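Peer 1:
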Amino acid sequence: MKHLFSISFWVLFVFLQTNLQGSNLQIANISNTNTTISFEISWENSWNIQNLGRDAVWVFIKTQDCNSDTKAWEHLNLSAINSDHSVGGGVLQVDAVTDGKGVFIRRSAVGGGNINTSTVTLKFATAFSATTSINFDVNGVEMVYVTEGSFIAGDGISTKTFGTSGTNNPQQINNEGALDANALAFNNDLNWANGNTHPAIIAGFPKGFAAFYCMKYEITQKQYVHFLNLLPASQQAVRTSVAPGAPAKTYALHTLSFPWVRRNYIQIKTPATGNPLSPAVYGMNRDNDNEFDETNDGANIACNYLSWNDLLAYLDWSALRPMTELEFEKACRGPVSAGPFIAGMYAWGSQNLIRAWNHSDDPSRILNPGMPNEMSATSGNGLAVYDRNENESGPYRVGFAAGTGTSREQAGATYYGIMEMSGNVAEQCFSIGRTHNDGNPSYAPTELVAQFSGVLGDGTLDANGDGNQNTWGAPLDYRQSILRGGGYINGAGELRVSSRYYLHARSVTDAGNNNRQHYIGGRGVRQY
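What follows is the structure, given as structure tokens:
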């Protein structure tokens with residue numbers, strides 16, 4: 019079998035909540051047989067805390083058949099049996115998943131520290147022919163495990179917060195069972211949809227009680243570039259704002275003449291030729307010179323300008339799924355046992371909030387701009403990127419606030435160690451119910467809720483380049499989504515864990531490719 023490898027890994031020099039060491043995920047030295055693939059993996063600052071969660075790496079693989087007519091990249095299914103996979107060194111274990119779309123690699127026992135280089139061997143679900151020429155693309159996404167358990171939804175004071183049957187009282191979620199209409203309605207919000215009641219929630223809708231993995235960081239510009247680079251030109255055209263055949267150095271996700279302001283640096287590196295076998299190649303180019311993907315080109319800055327359909331496509335391709343707004347609150351606040359309930363809290367567990375300034379990469383306000391160690395010149399409890407004029411700012415590097423010895427509050431981490439859930443770019447979540455922004459009662463918000471039951475992405479897009487999971491809601495329709503956690507232009511109130519400020523803000527006219535907003539990004543989740 020010919021060994022042709024396209025080795026791809028997402029290196030995030032980002033930080034956990036407890037110390038400065040970057041996670042520095044490394045995947046290297048790939049080899050294969052016709053039944054298995056092996057590689058070395060290492061990362062820093064891993065943890066497994068009994069009953070409190072752990073980190074992990076979600077590994078999935080794309081393949082390209084060199085003898086095919088299209089040379090398309092396809093998702094590789096792996097064995098769903100744990101014992102078919104192995105990892106050396108005695109520290110890690112490989113957790114297979116039931117759909118075979120990838121594996122989780124994590125610490126096997128309680129502990130913490132760096133993961134030294136370990137050799138992983140994964141078994142394919144189906145063996146390749148011994149004469150097949152295949153390119154392999156191995157991807158790793160850092161995740162955090164959110165444990166099963168009861169939690170509080172709503173806080174009694176935030177905008178359009180969850181309540182209990184029309185009262186100001188927050189509601190404790192104790193299981194994944196169905197919720198009656200108006201069960202989460204707040205105060206006088208019973209007629210929130212101009213005559214439609216607050217929708218009932220089916221048992222299958224993920225409510226945050228059950229355990230799940232959440233991406234540790236927002237999708238970065240490097241991650242989105244890699245996604246684009248494995249798509250054909252026809253799909254690239256749908257997942258960007260300009261034609262893939264546009265000239266080199268054309269910005270891909272916006273048409274601004276002053277792109278440095280909003281800090282999205284994804285450009286066309288090599289234009290598509292019109293030949294189906296020659297799609298565009300994208301890269302980062304913060305300094306707008308003729309060298310792409312340099313150390314200071316902003317690879318680890320959160321990717322803004324992601325539409326709802328961009329996010330769904332990326333998550334489907336990665337075999338993840340969108341997070342629900344109830345899961346968002348659980349991932350931020352933690353379980354009921356986390357400690358005293360704090361109304362109006364931010365993701366780091368307090369009401370403290372400090373602005374991380376950023377004025378067009380002003381070096382007096384943002385240190386090492388575009389670099390793997392980019393950080394704010396400001397520090398303190400509750401440091402977040404928020405309340406900035408849209409023409410003066412943009413998102414920071416993911417994990418920017420953590421440093422040597424920083425606490426959860428100083429690092430801006432959630433109870434479980436998830437970063438930037440308040441501020442930076444707004445999180446797009448699946449809403450429990452949606453309505454047109456003018457309260458148009460012709461739209462039934464219960465219909466989309468009833469469809470969504472936590473179905474995972476299958477690693478494949480439809481022919482147009484959209485996610486192909488029908489139960490995720492209709493393509494080009496934002497109304498099933500809600501923004502949570504606030505972005506860099508939002509005020510303090512929108513950053514609160516329980517704020518649903520954008521409940522009615524996204525309408526059918528905001529659909530699809532024309533609604534790439536500079537303050538919106540996203541991340542995904544996955545259950546087994």
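Sequential numbering from 19 applies to the sequence shown in the working numbering.
By construction, the Cβ of each residue, glycine as well, lies at the ideal position given by its N, Cα and C atoms.
This one's a predicted model, so the numbers in the text were calculated from it and none came from an experiment.
1) Tell me the rounded alpha-carbon separation between residue 128 and residue 69.
2) In terms of alpha-carbon separation, which member of 85, 71, 121 lies closest to residue 94?
3) DSSP puts residue 56 in a beta bridge; with which residues?
4) Pick from 405, 399, 193, 442: whose alpha carbon is nearest that of residue 423?
5) Pick helix, strand or coil for residue 101, following the three-state DSSP scheme.
6) Should the segment 353-363 be regarded as contacting the segment 262-279, the criterion being three or more beta carbon pairs within less than 8 Å?
7) So for residue 342, helix, strand or coil by DSSP?
8) Which residues mark the beginning and the end of the beta strand (DSSP E) in which residue 501 is found?
9) Considering only DSSP beta bridges, list what residue 274 is partnered with.
10) Under 6 Å Cβ to Cβ from residue 350, same chain only, skipping five residues before and after it: list those, please.
11) What is the C-beta distance between residue 518 and residue 445, in whole angstroms, given that I count them as a contact (C-beta under 8 Å)?
12) Taking the alpha-carbon of residue 253 as reference, which of 133, 238, 90 has the nearest alpha-carbon?
13) Is there contact here, the segment 244-251 with the segment 178-185, by at least three beta-carbon pairs under 8 Å?
14) Count the other CB atoms within 10 Å of the CB of residue 99; is the residue buried (16 or more) or exposed (fewer)?
15) Cutting at 8 Å between CB atoms, please list the residues of its own chain near residue 255, excluding the five before and the five after it.
16) Within a Cβ cutoff of 8 Å, which residues of the same chain sit near residue 136, ignoring the five residues on either side of it in sequence?
17) Check this for me: beta carbons of residue 231 and residue 375, under 8 Å apart or not?
18) Terminal residues of the continuous alpha helix (DSSP H) containing residue 429?
19) How close, in whole Å, do the beta carbons of residue 373 and residue 474 come, if the pair is a contact with beta carbons under 8 Å?
20) Since residue 256 is in the alpha helix (DSSP H), which residue starts that stretch and which ends it?
21) May I ask you to report which of helix, strand or coil DSSP gives residue 171?
22) Using the beta-carbon count (16 or more within 10 Å), is residue 34 buried or exposed?
23) Would residue 303 be called buried (16 or more neighbouring beta carbons within 10 Å of its own) or exposed?
24) Beta-carbon separation of residue 479 and residue 331 under 8 Å?
25) Just to confirm the assignment, what range does the alpha helix (DSSP H) spanning residue 243 have?
26) Measuring only the C-alpha atoms, how far is residue 201 from residue 130?
27) Does DSSP put residue 445 in a helix, in a strand, or in coil?
28) Beta carbon of residue 370, beta carbon of residue 539: below 8 Å?
29) Start and end of the alpha helix (DSSP H) containing residue 490?
30) Near residue 54, what residues of its chain come up, given a Cβ to Cβ distance below 8 Å and the 5 sequence neighbours on each side ignored?
31) CA-CA distance, residue 430 and residue 500?
32) Is it the case that the CB of residue 160 approaches a heavy atom of the ligand COA more closely than 7 Å?
33) In the segment 340-403, which residue ranges form an unbroken alpha helix (DSSP H) of at least 4 residues, counting only runs that do not cross its ends?
34) Can you tell me where the beta strand (DSSP E) with residue 305 in it begins and where it stops?
Peer 2: Taking the coordinates as given:
1) In a straight line, the C-alpha of residue 128 is about 10 Å away from that of residue 69.
2) 121
3) 49, 139
4) The candidate whose alpha carbon is nearest that of residue 423 is 399.
5) helix
6) no
7) strand
8) 499-502
9) For residue 274, which the question treats as bridged, DSSP gives no partner whatsoever.
10) 365, 432, 439, 515
11) About 12 Å; that fails the 8 Å criterion.
12) 90
13) no
14) exposed
15) 261, 262, 483
16) Non-local C-beta neighbours of residue 136 in its own chain, meaning closer than 8 Å and more than five positions away in sequence, comprise 58, 59, 60, 105, 106, 107, 109, 110, ordered along the chain.
17) no
18) 426-429
19) Contact doesn't hold; Cβ gap of about 37 Å is too wide.
20) 251-256
21) DSSP places residue 171 in strand when its eight states are reduced to three.
22) At residue 34, the pLDDT of 25 sits below 50, so the modelled position is not reliable; the number obtained from the coordinates is stated separately. Answer is buried; the Cβ neighbour count reaches 16.
23) buried
24) yes
25) 239-247
26) 41 Å
27) strand
28) No; because the gap between Cβ atoms is not below 8 Å, this pair is not in contact.
29) Run containing residue 490: none; DSSP gives neither H nor E here.
30) 139, 140, 141, 142
31) Separation of residue 430 and residue 500 (C-alpha to C-alpha, rounded to the nearest whole angstrom) is 22 Å.
32) Ligands are entirely absent from the displayed structure, and the ligand COA is therefore not among its contents.
33) Within the segment 340-403, the complete alpha helix (DSSP H) runs of at least 4 residues are 343-351.
34) Careful: residue 305 lies outside any beta strand (DSSP E) and carries neither H nor E.
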